[in-house]
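Trainee: Submitted below is the structure of interest, expressed as structure tokens.
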Amino acid sequence: MQTSLRQNQIRDALMVKIAKMYAGERIPTQDELCVQFKASRTLVREVLCILEFLNIIKVRPKIGSVVQPSSEWRTTNKEVLDWQGRCLFNRSDREPTNPMA
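The number in the numbering used here is simply the position in the sequence shown, starting from 1, with 96 added.
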């Protein structure tokens, strides 16, 4: 699947937001994401499909998109590893970790 620059920007912004959330929390709805990112519904759906494929979120009918525990994320995927390295968040306390510690 080929990704666009805009798709990558939205995905990265969502991943940063997800880093500040706990497993089980719902991310904004597709409509809210369309407004927030000034993006089409198709583009937002594509991003959500990518995040679901990476086990970062679980899309549940009539519930919405829910953050998965980080232990379930596909950490063998280069994008997930790169993102985790950039964010440097400890999800258990939501505070940035110190990479020099």
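Cβ atoms here follow ideal geometry from the backbone N, Cα and C, with glycine treated the same way.
1. Have a look at the DSSP bridge pairing and note the partners of residue 162.
2. Under 8 Å, do residue 137 and residue 130 count as touching if we go by C-beta distance?
3. According to DSSP, is residue 113 part of a helix, a strand, or is it coil?
4. Less than 8 Å between the beta carbons of residue 140 and residue 126, yes or no?
5. Is DSSP giving residue 171 helix, strand or coil here?
Mentor: Let me lay it out:
1. 122 and 154
2. yes
3. helix
4. yes
5. coil
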